[in-house]
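Below is one structure, written out as structure tokens; comments come after it.
In my numbering, the protein residues as written are 71 to 266.
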């Protein structure tokens with residue numbers, strides 16, 4: 071048992087988090103980012119991470135052949151002021167493909183409570199499946215377990231899938247983490263993608 075520990079210990083000391091984040095991709099890989107805006111925003115907010123989306127784009131461009139970076143979000147009515155619109159405009163001008171639709175408002179007839187809904191899972195899934203024949207690697211920024219079947223289908227087309235999220239929040243589905251080829255915890259890349 072001691073001899074096994076002697077072999078493992080130096081290995082773990084050599085492969086630190088900064089090295090691991092460099093080896094999970096190959097520069098020649100055709101890669102696309104699929105950001106579930108709602109889930110990713112909630113995760114980073116819980117972790118107090120202010121994401122610099124230009125740095126995030128640079129992080130993946132410098133490690134792969136980045137084909138496309140998608141950002142999916144539901145938007146409130148255009149007449150409403152929303153900080154999300156400012157972010158979407160910024161991303162749209164700076165290398166991201168924005169996929170959005172308006173939120174819909176529902177009223178619970180029993181309580182009178184109003185709720186808004188705007189799920190983008192279908193759009194994200196369709197885009198990933200459509201782009202899969204042109205990719206080696208898909209990077210999904212979400213912890214939503216609803217994407218498990220999508221990962222299976224995309225992996226069946228020969229595409230490697232990395233899930234980016236955090237084990238420190240309730241936003242990550244264990245089933246999704248297990249389904250991914252790679253799991254990249256935000257802690258490992260926060261220094262490279264956060265606003266200073």
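Where a beta carbon is used, it is the ideal one built from N, C-alpha and C, also for glycine.
- Within the same chain, Cβ atoms closer than 7 angstroms to the Cβ of residue 99 are found at 134, 135, 206, 207, the five residues on either side in sequence being excluded.
- Taking every protein chain shown into account, the CB of residue 130 has 16 or more other CB atoms within 10 angstroms, so this residue is buried.
- Across the set 156, 259, 264, the C-alpha of 259 shows the shortest separation from the C-alpha of residue 94.
- Excluding five sequence positions before and after residue 212, the CB atoms of its chain that fall closer than 6 angstroms to its own CB belong to 106, 109, given in chain order.
- Looking at the DSSP output, residue 143 sits in a beta bridge with 170.
- With contact defined as three or more Cβ pairs closer than 8 angstroms, the stretch 161-179 and the stretch 225-241 are not in contact.
- Secondary structure note for residue 108: its alpha helix (DSSP H) is the uninterrupted segment 107-116.
- Residue 146 has its alpha-carbon roughly 9 angstroms from the corresponding atom of residue 154.
- Shown here, residue 131 sits in a helix according to DSSP, grouped into three states.
- Counting C-beta pairs closer than 8 angstroms gives three or more between the stretch 224-236 and the stretch 245-255, which meets the contact rule.
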